[in-house]
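For the sequence shown, the numbering used here begins at -16 and goes up steadily by one. All remarks here apply to the structure that follows.
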Amino acid sequence: MSIKNLDNMILSYLAENNSASPDALAEAFDVSPSTIRRRFCELQDKGLIQRARGCAKLRQDNNFTQSFTFRKHQNSLEKKRIALEAIKLIKNGDVIFLDGSSSAYFIAQYLAQYDNIKVFTNGIDTLSLLAQNNVKAYSTGGMVHKDDKSILVGTFAERLIDNIHADICFFSAHTVDKDGNVWDVYEDENSVLNHMIGHSGKSVFLCDNSKIGHTAAFSIGKVDNFDYMVCDVDVTNKIKTGRCNVIICPSI
């Protein structure tokens, strides 16, 4: 087993089980406890986990921009449920925008089943996943974000997007407040996303329960301006959704 695969398995396990000891993970993955302890040290150094009393759990810190690897494993079951419901809006032959969010990455996992689709994304990990699954994928181009190395931003990306019309755009955000205002932490990422939404026939906001009820630095818009909002819980009594079609995922 490669180190990368083992690290991903550890992060997935912690996302689903909150915390774990080296002995528990060693038994689960058929490796030695000392191997797990070494991986704990590396993952802690990368800021992905925190350790206490010999056990490890995913790092929860709202004051720093979490890495894509962390975000991909955070609320992964909820993001999977949302993705499985959201892809029902896709048709064979569609042109699709995916933003660089971890929620959109989960959409990418299920696109190989559709025929003759074209996918444009500013997510570097998402682009790689699509290529691995033999989905026709295009990069928006642009500059690698100075803080979030998993996304492409800038006027180069925006100009390319302006020359494309997508049937549907899937995206997420950092948070949405009770008044239905949608927020994110990067102004330049929001700019790319707004170009995607503006050149799409339908916009689909992917929103798991961890995003509800907060604010961040930069506004993307209001839920009322989007065509669909796909959630893992009923949010209609928590935020103002206006004319947006809210889709609540069934349990899996």
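Where is the CB? At the ideal position from N, CA and C, for every residue including glycine.
Just to confirm, does residue i get its C-beta within under 6 Å of one of the non-hydrogen atoms of the ligand MN?
| i | result |
| --- | --- |
| Asn0 | The ligand MN is not part of this structure, which contains no ligands at all. |
Can you name, in chain order, every residue of its own chain whose Cβ lies under 8 Å from the Cβ of residue i, other than the five neighbours on each side?
| i | result |
| --- | --- |
| Thr104 | Phe80, Leu81, Asp82, Gly83, Ala87, Ala91, Leu110, Leu113, Ala120, Tyr121, Ser122, Thr123 |
| Ile144 | Phe80, Phe103, Thr123, Val175, His178, Met179, His182 |
| Ile230 | Glu68, Ala69, Tyr211, Met212, Val213, Cys214 |
| Lys161 | Gly196, Lys221, Ile222, Lys223 |
| Ser234 | Arg64 |
| Ala95 | Asn116, Asn117, Val118 |
Which of the three DSSP states is assigned to residue i in this structure?
| i | result |
| --- | --- |
| Lys205 | strand |
| Ser174 | helix |
| Cys24 | helix |
| Ala87 | helix |
| Tyr211 | strand |
| Gln57 | coil |
| Arg64 | helix |
| Ala200 | coil |
| Ile230 | strand |
| Lys119 | coil |
| Ser2 | strand |
| Ser183 | strand |
| Ile222 | coil |
| Gln92 | coil |
How many whole angstroms separate the CB atoms of residue i and residue j, which I take to be in contact at a CB cut-off of 8 Å?
| i | j | result |
| --- | --- | --- |
| Cys232 | Ile(-14) | Going by Cβ atoms, the distance from Cys232 to Ile(-14) rounds to 34 Å, so no, they are not a contact pair. |
| Val206 | His148 | Incorrect: roughly 23 Å between the Cβ atoms, too far for contact. |
| Gly184 | Ile151 | 6 Å |
| Phe89 | Lys71 | Between Lys71 and Phe89 the Cβ distance is about 14 Å, and since that is not below 8 Å, they are no contact. |
| Phe209 | Ser186 | 5 Å |
With DSSP as the reference, please indicate the residues paired to residue i in a beta bridge.
| i | result |
| --- | --- |
| Ile79 | Val102, Ile151 |
| Thr158 | Trp166 |
| Ala69 | In DSSP, Ala69 forms no bridge with anything. |
| Ala35 | Cys38 |
| Phe188 | Phe154, Met212 |
| Leu135 | Val127 |
| Ile(-14) | Beta-bridge pairing links Ile(-14) to no other residue. |
| Ile195 | Val159 |
Near residue i, which residues of its chain fall below 6 Å by C-beta distance, leaving aside the five closest residues on each side in sequence?
| i | result |
| --- | --- |
| Pro238 | Residue 238 falls outside the range modelled here, since the chain spans only -16 to 235, and no answer is possible. |
| Gly125 | Leu135, Val136, Gly137, Phe139, Ala140 |
| Gly225 | Asp207 |
| Val216 | Asn192 |
Might you give, ordered along the chain, the residues of its own chain that have their beta carbon closer than 7 Å to the beta carbon of residue i, omitting 5 neighbours on each side?
| i | result |
| --- | --- |
| Asp(-10) | Arg22, Leu26 |
| Ala99 | One point to set straight first is that residue 99 is Asn, not Ala, in the sequence displayed. Excluding positions up to five away in sequence, the list reads Asn75, Gly76. |
| Asn58 | Asp191, Ser193 |
| Val13 | Looking at the sequence itself, residue 13 is Asp, so the reference to Val does not match. Contacts found: none. |
Comparing the C-beta of residue i with each C-beta of chain D, is any distance below 7 Å?
| i | result |
| --- | --- |
| Gly163 | This model lacks chain D altogether; it includes just one protein chain. |
Whether or not the stretch 32 to 43 and the stretch 0 to 8 are in contact is what I'm after, with contact meaning three or more pairs of Cβ atoms, one per stretch, closer than 8 Å; do they touch? Taking 8 Å as the limit for Cβ pairs, the verdict is that the stretch 32 to 43 does touch the stretch 0 to 8.
Flag this pair as touching only if the stretch 129 to 136 and the stretch 162 to 174 have three or more C-beta atom pairs under 8 Å; answer yes or no. yes
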